[in-house]
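Student:
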Amino acid sequence: MTESTEVKIPVSGIGIRHKARASIALIGNPNAGKSTLFNRLTGLRQTTGNFPGVTVEKHLGTVQLSNSALNLVDLPGIYSLDGNSVDERIAVDVTLGRVPGTERPSGLLVVIDATHIYQGLYLLQQLQELQLPTMVALTMIDAATASGITIDIAKLREAIGGIPVYPVSSISGHGLDELKTGLESITEIDTQAIPASWPELSETAEQLKQQLGHDWQRIDVIQALLQTHPDLAGKLEQQLGDETVADLRRRLFGEAPPPAVEARRRYQWVKNVITDVQEQAPLYVKMGAKIVRWTNRPWPATLLFFAVLLLVFQAVFTWATPMMDAIDGASSGLGHWIVSQMGETALSSFLADGVIAGVGSVVIFLPQILILFLFIIVLEDTGYLARTSFLMDRVMRTVGLSGQSVIPMLSSFACAVPSIMATRVIPDRRDRIATILAAPFMTCSARLPIYALLIAAFVPDEPVGWMNLQGLVLFALYILGILGGLGTALLLKSSALKGPIPNFMLALPEFRIPNFQTVAIKLFDRGRIFLKRAGSVIFVVAILVWTLAYFPRMDPAEHVVPITETHAADQSNIQNLQAAAQMEQSWLGRIGRTIEPVFKPLGWDWRVSSAVVAGFPAREVVVAVMGTIYAVGSEAEDQRLSEKLKSAKWPDGRLIFTLPMVLGLLIFYAWCLQCAATLATIKRETNTWKWPVFAWLYMTTIGYSGAFIVYQVGSLL
Amino acid sequence: MTLADLAPGDKARLEEINTQDPGVIRLMMLGMVEDITVSMENIAIGGDPLEVGFFGSSVSLRKEQARHFKVSRITTGD
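Protein chains in written order, with my numbering: chain A, 7 to 723; chain B, 1186 to 1263.
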């Protein structure tokens, strides 16, 4: 009778949330539509983290099935298990359960792009040696149909040893329900039923595994024999003796390098399967495809590349303005409202000038940053970012690198931290370090606030052809960053990191229309990370700066403000002068005065100097600090920070923000490494303090020198 | 004739691959093995790198590696 006491909730309409019972790895070639499928299956029930000990992003999600739930792990895309770069090795190690602290997946959902089953089936064959329950999601099925490809699913399933194959379209959602129903029983699939596509290798490995003992899996033995995993190869040779292993290799692979034999052997099998299951209708090339093909030609593609870059800068400046005005109005309105409600006390000043002005001056750049990230995400998802490395390879060669360094450098325009991690695709260590040290020069989104502030204040808003002068100056600053980065790479590759010019080989994805949901999730993620930083680091710094600027309070009676005749009647001016005097004798003013001599040759007063110094842990703080410094001095006035900068003066009445000084300040920002997160990432990725220390000293020196030269020479003219 | 000698639009068959170059093995793992038909899609400004298509995929590589692939031309592009 206990049931009668419970409140009955109708089950329909409320999703029953099951607890995940097993972990399934989502694995496939790059650009096979893995992330889109992952988002489709897990919805918003996902988290992003790092694998223990390594910094590859781990996307974890739960897929709710009708009777149970499964955890899904999304891994970086790979072409084979013979991990060539750091990134691939990590994906492989996680799949194989070699990463300590990460559970070996209990099943694999292999994602194969229906328009690229050639490379997809190659990976699938290697994965079969893992002897894990496996299922195939055949994505982009509608794209395949559109280009005249028909795949016989039943025959494909038969050809790959009965592994279930589910055709899906992540765009229309077609096939997802069937896939989910299939996933329900994934762990029950009999792994022994999967036939080997290369029986001699699999059988030899199986026999050796029995002989070697428990810590060997079949895949370990295979990779040791193929010499694609040097550590395991060494271990095998040690346990069995060099002679025996050499004999085995000769018997299995002949005289050619084992990985070459593997490629020949497995792709031969793939070709046979494709002949059996796939039909390609005579290709009728559609108008859209023709246009895309034309834009891939060298000259149109290169011109398009620069046109896209210009468009991005234009958009960042023009589209964001209305939203920025709204945020600005809201934050200053809120500050005034607090002061009017609470009166002028230390607390109200703290809230209005410290917290709201500080955080508000950073949040105001959220629209610009989102627009920038939107472009980068869309470019990445259309496959265009990869194509730029093809276009730019020649240029990169002149500085001793390859086109593979282009993607990390381009994503550096958003943030150097993920871009330094993205250098893991670069196989050679010297090339990787040169790219890591060049990446922080690229104009990241945290530089945007200070650029935007100074450009809006000191560059006239007037048209230049179809562009606008402000957009053009911003473009020039990006070029300055690129030159700094390329120059650094050239310098390093011809001195400390001298080595041959790296090879360049890269699979180029074809043009795809990005998935709205995937773009939205990525964009949301970026915005969240930015706000989290604005809400933590910047918040703390803003409060610290407010405290230093507000205390110690001076006694108004003791300090007589000199009143000259010209503004004797002007009450607000008296307040301003009082506030300025307060600022000068505050702790911040005293610190600023102490460091002022260092930056005086650059034309900076103590306020600019203290803002810059405060920005060394995180450069976006600078605008917040300037906001605080200038807000605390001008309660009577109601104007934007840029207006306040324009009227800032030296004690002798000269303007501080002259053109040479502003240009120097911009150059300092373009080249200086003011980001603790970047330094920490360089340390983690290079495994030594040598490189972050070098990067910091080097970039600070050239930033300072650049600003010094521009200011000194500019002031003479 | 090697892959490096093809003009944009040409189609050719891969005949023999010199596996002594480590970069070549990497390309083989991406599917560039003997007896497949490839097409020269694009050649970047300056003549290098090349974009080669096969089985619906595109791979870019340098001329230096392309010379290790002996080919026989099937058709010439426009």
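C-beta atoms are modelled at their ideal positions from N, C-alpha and C, and glycine is treated no differently. Since this is a predicted model, take the numbers as computed values, not measurements.
Determine the chain A residues that contact residue 1219 (chain B) at a beta-carbon separation under 8 Å, and present them in chain order.
Tutor: The answer, in chain order, is 270.
Student: Where residue 378 (chain A) and residue 451 (chain A) are concerned, what is the direct C-alpha to C-alpha distance, given to the nearest angstrom?
Tutor: If I take the Cα positions, the gap works out to 8 Å.
Student: Rank A:242, A:597, A:449 by C-alpha distance to the C-alpha of residue 679 (chain A) and give the top, closest one.
Tutor: Of the listed residues, the one whose Cα sits closest to residue 679 (chain A) is A:449.
Student: Would you mind listing the alpha helix (DSSP H) stretches within the segment 1186-1262 of chain B that are 4+ residues and don't spill past its ends, in chain order?
Tutor: Runs of the alpha helix (DSSP H) inside the segment 1186-1262 of chain B: 1207-1214, 1248-1251.
Student: Can you list, in chain order, the residues of its chain whose CB lies under 8 Å from that of residue 364 (chain A), leaving out five sequence neighbours each side?
Tutor: Counting only Cβ-Cβ distances below 8 Å, and skipping sequence neighbours, we find 544, 545, 547, 548, 549, 551, 552, 630, 631, 633, 634.
Student: Note down the Cα distance separating residue 673 (chain A) from residue 483 (chain A), rounded to an integer number of angstroms.
Tutor: Residue 673 (chain A) and residue 483 (chain A): Cα-Cα distance of roughly 8 Å.
Student: Can you name the start and end residues of the beta strand (DSSP E) that residue 77 (chain A) belongs to?
Tutor: It spans 75-80 - the beta strand (DSSP E) in which residue 77 (chain A) sits, taken as one unbroken run.
Student: Measure how close the beta-carbons of residue 128 (chain A) and residue 276 (chain A) come, nearest whole angstrom, since I'm counting them as under 8 Å.
Tutor: Rounded, the Cβ-Cβ distance is 6 Å, consistent with contact.
Student: Under 8 Å, Cβ to Cβ, is there at least one residue of chain A near residue 1240 (chain B)?
Tutor: Cβ-Cβ to chain A under 8 Å: yes for residue 1240 (chain B).
Student: With the cut-off set at 8 Å, would you say residue 162 (chain A) and residue 174 (chain A) are in Cβ contact?
Tutor: No, they are not a contact pair.
Student: Could you check whether the Cβ of residue 1145 (chain B) sits closer than 8 Å to any Cβ belonging to chain A?
Tutor: Outside the shown range of chain B (1186 to 1263) lies residue 1145 (chain B), about which nothing can therefore be said.
Student: Can you pull out the residues from the segment 123-143 of chain A whose beta carbon lies closer than 7 Å to at least one beta carbon of chain D?
Tutor: Absent here is chain D; the protein component of the structure consists of chains A and B.
Student: What distance in whole Å lies between the Cβ atoms of residue 495 (chain A) and residue 422 (chain A), which are believed to be in contact at a cut-off of 8 Å?
Tutor: Incorrect: roughly 14 Å between the Cβ atoms, too far for contact.
Student: Could you name each continuous beta strand (DSSP E) segment of 3 residues or more that falls completely within the segment 267-327 of chain A, going from the start of the chain to the end?
Tutor: Qualifying beta strand (DSSP E) stretches, in chain order: 284-286.
Student: Whose C-beta lies closer than 6 Å to the C-beta of residue 358 (chain A) among residues of the same chain, with five residues either side of it excluded?
Tutor: Correct list, in chain order: 341, 344, 345.
Student: Just checking: is the beta-carbon of residue 147 (chain A) within a distance shorter than 8 Å of some beta-carbon in chain B?
Tutor: Not closer than 8 Å to any Cβ of chain B, the Cβ of residue 147 (chain A) fails to qualify, so no.
Student: Give the straight-line distance between the Cα atoms of residue 425 (chain A) and residue 110 (chain A), rounded to the nearest whole angstrom.
Tutor: Between residue 425 (chain A) and residue 110 (chain A), the C-alpha separation is close to 28 Å.
Student: Would the segment 470-487 of chain A and the segment 370-386 of chain A be scored as touching if the rule is three or more Cβ pairs under 8 Å?
Tutor: Touching, no, given that fewer than three Cβ pairs across the two stretches are closer than 8 Å.
Student: Between the alpha carbons of residue 209 (chain A) and residue 137 (chain A), how many angstroms are there, rounded?
Tutor: Those two C-alpha atoms are separated by around 13 Å.
Student: Can you have a look at residue 152 (chain A) and say buried or exposed, based on whether 16 or more other CB atoms are within 10 angstroms of its CB?
Tutor: So residue 152 (chain A) counts as exposed.
Student: Does residue 275 (chain A) have its Cβ less than 8 Å from a Cβ in chain B?
Tutor: No, no contact with chain B.
Student: If we ignore side chains and look at the alpha-carbon of each, how far apart do residue 194 (chain A) and residue 113 (chain A) end up?
Tutor: Straight-line Cα distance between these residues: approximately 10 Å.
Student: For a cutoff of 8 Å on Cβ pairs, would you count residue 312 (chain A) as touching chain B?
Tutor: Not closer than 8 Å to any Cβ of chain B, the Cβ of residue 312 (chain A) fails to qualify, so no.
Student: So what does residue 70 (chain A) bridge to, in DSSP terms?
Tutor: In DSSP, residue 70 (chain A) forms a bridge with A:75.
Student: Got a sec: which bits of the segment 63-92 of chain A sit with their beta carbon under 7 Å from any beta carbon on chain B, in order along the chain?
Tutor: Against chain B - using a Cβ distance shorter than 7 Å - the residues of the segment 63-92 of chain A are 85, 86, 88, 90.
Student: What is the residue span of the beta strand (DSSP E) that residue 26 (chain A) lies within?
Tutor: Here the beta strand (DSSP E) through residue 26 (chain A) covers 26-34.
Student: Any beta carbon from chain B within less than 8 Å of residue 61 (chain A)'s own beta carbon?
Tutor: With a pLDDT of only 48 at residue 61 (chain A), under 50, the local geometry of the prediction cannot be trusted, and the value read off the model is given with reservation. Residue 61 (chain A) does not count as touching chain B.
Student: Closest by CA to residue 141 (chain A), which one among A:320, A:190, A:719, A:105?
Tutor: The option with the nearest alpha carbon to residue 141 (chain A) is A:190.
Student: Against chain B, does residue 409 (chain A) count as a neighbour if the rule is that its beta carbon must be under 8 Å from one of theirs?
Tutor: Cβ-Cβ to chain B under 8 Å: yes for residue 409 (chain A).
Student: Would you kindly work out how many angstroms separate the C-alpha atoms of residue 178 (chain A) and residue 143 (chain A), rounded to a whole number?
Tutor: Answer to the nearest angstrom: the Cα atoms are 15 Å apart.
Student: Can you give me the start and stop residues for the alpha helix (DSSP H) that residue 485 (chain A) sits inside?
Tutor: First-last of the alpha helix (DSSP H) with residue 485 (chain A): 475-499.
Student: Answer with yes or no whether the minimum CB distance from residue 1259 (chain B) to chain A is below 8 Å.
Tutor: No, no contact with chain A.
Student: Which chain B residues sit within Cβ distance under 7 Å of residue 308 (chain A)?
Tutor: Within 7 Å Cβ-Cβ: 1230.
Student: Select from A:135, A:228, A:366 the residue whose C-alpha is nearest the C-alpha of residue 542 (chain A).
Tutor: Closest by alpha carbon: A:366.
Student: State the CB to CB distance for the pair residue 1262 (chain B) and residue 1240 (chain B), rounded to an integer number of angstroms; the pair is presumed to be in contact (CB under 8 Å).
Tutor: Incorrect: roughly 19 Å between the Cβ atoms, too far for contact.
Student: According to DSSP, is residue 708 (chain A) part of a helix, a strand, or is it coil?
Tutor: Residue state, collapsed to three classes: helix.
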